[in-house]
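This report refers to the structure that appears directly beneath it.
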Amino acid sequence: MNARTVVTRWIPDSAVRLLESVGEVRLCSQNRAMTPDELAEAVSGADAVVSMLHDRVDGAMLDAAGPSLRVVANVAVGYDNVDVPALDSRGVLLTNTPGVLTDATADLTFGLLLMCTRRLGEGERLLRSRTPWAWHFSFMLGSGLQGKRLGIVGFGQIGRAVARRARAFGVEIVYTARHRAAEEAENEVGAEYLPMSELLERSDVVSLHCPLTAETRHLIDGSALARMKPSAVLLNTSRGPVVDEHALALALREGSIAGAGLDVFENEPVVDPELLELDNVALAPHLGSATTETRTAMAMLAARNVVGVLDGSGPVSPVNG
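Numbering-wise, the working numbering puts 796 at position 202 of the sequence shown, and it's gapless, one number per residue.
Structural data, given as structure tokens:
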């Protein structure tokens, strides 16, 4: 077999070697998203493309690849960067990498939660600024988690993993989702299903784990934020555009909610300057899956998907087709 696979960003050698088992591999090793022109040039004549979440996989890119293209393996769970109908119309398979990044993203979510509720980010900034300080009984008081209510928006694998961690902290779990979960999944963590509006009103922490779609873009807008408790915290480790960042900055500045923890942003890698000025926001540069083990597992799953399509055995985690 002499297939040609293009990988749009660096991936571990183990995944490259697996791809080489079915043909030639072109590894684009720059650590930035390629421009549309660069991407079009890179994928020309490819049988397979291993794409990253910031690569725009659209009709123009697919046309540049040409009729030889059989599969796009997106190294992410979400695929809002991909024009799926454009792939369908050309008979190109799309795969993603579910499951392997669940625990890493759930861990990161809980890290942001603790940074917000226990003011860890503020404390570190205080020390690094060399601001004089002295312990006293009301110094930098945060909020405990025991007995609080966590509202999870999107009760898929990551949302349920966050719920399991929260249970260990003595937190009550409520959730909302497009479809109510099976009774077994609810019972595992003692979760109660609520409509979105009621979840916002009753939760002490709202954690977003839904995909980015036309329906979820700016799901958290000024109206949604106004429903939340003034003491509540918002967490987003899903996709940046799920939150209207301007509305969030206003709510945080005016005290409509107490804090926010964000790992994703509307216009990555740009962070809204309004958010950067606020002390009651914990920020991370899209680190949800950023562990050595997880990124290796993601790359290997993407490679197995490519190999499965090219050798005829079938992909492990297809999205379409």
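Note that beta-carbon positions come from the ideal geometry of N, C-alpha and C, so glycine has one too.
Own chain residues within Cβ distance below 6 Å of glycine 908, not counting five before or after: Residue numbering aside, residue 908 sits at position 314 when the sequence shown is read from its first letter. Excluding sequence neighbours, glycine 908 sits near Gly902.
Let me confirm a value: alanine 893 is counted as buried when at least 16 other C-beta atoms fall within 10 Å, else exposed. Which label applies? By 1-based counting over the sequence shown, the position of residue 893 is 299. Per the 10 Å Cβ criterion, buried.
Leaving out the 5 sequence neighbours to the left and right, which residues in its chain are closer than 7 Å to threonine 885 when beta-carbon positions are compared? In the sequence shown, residue 885 corresponds to position 291, counting from 1. Taken in chain order, the residues that qualify are Ala698.
Residue range of the beta strand (DSSP E) that includes glutamate 618: The sequence position of residue 618 within the sequence shown is 24, counting from 1. Run containing glutamate 618: 617-621, per the beta strand (DSSP E) assignment.
Do threonine 691 and valine 756 have their C-beta atoms closer together than 8 Å? To locate residue 691, count along the sequence shown from 1; it is residue 97. To locate residue 756, count along the sequence shown from 1; it is residue 162. Not closer than 8 Å, so no.
Could you tell me which whole alpha helix (DSSP H) segments of length 4 or greater appear in the region 638-662? 653-659
So aspartate 857 packs on alanine 843, CB below 8 Å; how close in whole Å? In the sequence shown, counting from the first residue as 1, residue 857 sits at position 263. In the sequence shown, counting from the first residue as 1, residue 843 sits at position 249. Rounded, the Cβ-Cβ distance is 17 Å, inconsistent with contact.
Identity of the residues DSSP links to glycine 535 by a beta bridge: Nothing can be reported for residue 535: it is not among the residues displayed for the chain, which extend from 595 to 915.
At what residue ranges does the region 734-818 contain a whole run of the beta strand (DSSP E), taking only runs of 3 or more? 743-747, 766-770 and 799-802
Quick one: grab the DSSP three-state call for alanine 597. As a working mapping, residue 597 is identified with position 3 in the sequence shown. Looking at alanine 597 - three-state DSSP - the assignment turns out to be strand.
To which residues does DSSP link leucine 877 through a beta bridge? Stepping through the sequence shown from its first residue, residue 877 is reached at position 283. Leu856.
When the cut-off is 8 Å and only beta carbons count, does arginine 754 lie next to chain D? In the structure shown, chain D cannot be found, because there is only a single protein chain.
Beta-bridge pairing of alanine 897 - partner residues as DSSP gives them: In the sequence shown, counting from the first residue as 1, residue 897 sits at position 303. Bridge partners of alanine 897: none, in fact.
Are histidine 803 and serine 832 touching if we call contact CB-CB under 8 Å? Position 209 of the sequence shown, counting from 1, holds the residue named residue 803. Position 238 of the sequence shown, counting from 1, holds the residue named residue 832. Cβ atoms of histidine 803 and serine 832: closer than 8 Å.
Could you please give the first and the last residue of the uninterrupted beta strand (DSSP E) stretch that includes leucine 872? Residue numbering aside, residue 872 sits at position 278 when the sequence shown is read from its first letter. Where leucine 872 is concerned, there is no enclosing beta strand (DSSP E), given that its DSSP letter is neither H nor E.
Neighbourhood of valine 800 by C-beta, 6 Å cutoff - its chain only, sequence neighbours within 5 removed: Counted from its first residue, the sequence shown places residue 800 at position 206. Here the set comprises Gly745 and Leu828.
Give the secondary structure of threonine 689 by DSSP, where H, G and I count as helix, E and B as strand, and everything else as coil. Numbered from 1 along the sequence shown, position 95 holds the residue referred to as residue 689. Here threonine 689 sits in strand by DSSP.
So threonine 602 and serine 662 are supposed to be a Cβ contact under 8 Å. How far apart are they, rounded? The residue given as residue 602 occupies position 8 in the sequence shown. The residue given as residue 662 occupies position 68 in the sequence shown. Not really, about 17 Å apart at Cβ, beyond 8 Å.
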